[in-house]
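Read the structure below first, then the notes.
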Amino acid sequence: MVQPVGSKPIYTRFWNGFKQFPKGLHAGSSAPPTVSGPAAAALISGGLGAVAMMATHHFAELSKPNNQIVIQMGSWIPGAMNPDPMWGNLENYAGKEMMFFIGWWVSWAVLHQVLKHRQVKPRTLLVWLFGLFTLATAMAWHPLFPWLSLM
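Take the sequence shown: its position 74, counted from the start at 1, is 85 in our numbering, and no numbers get skipped.
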């Protein structure tokens, strides 16, 4: 099979086009965002979700009935209640992840409405992100919370 002159294989055309990809980004968007609030809401909500997950972790560790509540919250997730010992199950981890998801989405919806038309400074955003993720991490540290199990 003979290719016409000037025609190149598809992989060569793809690669040449891919190499030119960033070239069009220098012009920017025709309608760039004017405020940073919605982006800040999306990022900060992840930290709030992480804190909600760790609060659920502490709630589950306080008593067996609380742990059963957390297990039931996540029991609908596939694999959460797997009876096979080979594969194990997620038990209360599925409920904790469910609370992360709920905390993330609810806080995102609320923060988006609050920050929709506001400009959020990068310093403010970084302080919130660092603070929330540090708090969520510290909530898993056993010397600070001796009632947590070491499993």
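The beta-carbon is built from N, C-alpha and C at its ideal position, and this holds for glycine as well.
Treat the numbers as computed from the prediction; the structure is a model and nothing was measured.
Same chain, Cβ closer than 8 Å to residue i, five either side skipped, listed in chain order
i: Trp119; result: Ala52, Ala53 and Ser56
i: Leu136; result: Ser47, Ala51, Leu54 and Ile55
i: Ser40; result: none
Beta-carbon proximity list for residue i, same chain, < 7 Å, skipping 5 on both sides
i: Leu126; result: Gly48, Pro49, Ala51 and Ala52
i: His123; result: Pro49 and Ala52
i: Val131; result: Ser47, Gly48 and Ala51
i: Arg129; result: Val46 and Gly48
Beta-carbon spacing of residue i, residue j below 7 Å
i: Phe111; j: Gly58; result: no
i: Glu88; j: Ala63; result: The sequence given here has Ile at residue 88, not Glu. It is not a contact, given that the beta carbons lie outside the stated cut-off.
i: Leu159; j: His153; result: yes
i: Met150; j: Met97; result: no
i: Gly114; j: Gly60; result: yes
i: Lys107; j: His69; result: no
Residues of its chain near residue i, where Cβ-Cβ distance is below 6 Å and the 5 sequence neighbours each way are ignored
i: Asn93; result: Asn100
i: Asn103; result: Ala71, Asn78, Val81 and Ile82
i: Ser86; result: Met92
i: Trp139; result: Ile55
In chain order, each alpha helix (DSSP H) run of at least 4 residues that lies wholly inside the segment 69–110: Scanning the segment 69–110 for uninterrupted alpha helix (DSSP H) segments of 4 residues or longer gives 75–84, listed from N- to C-terminal end.
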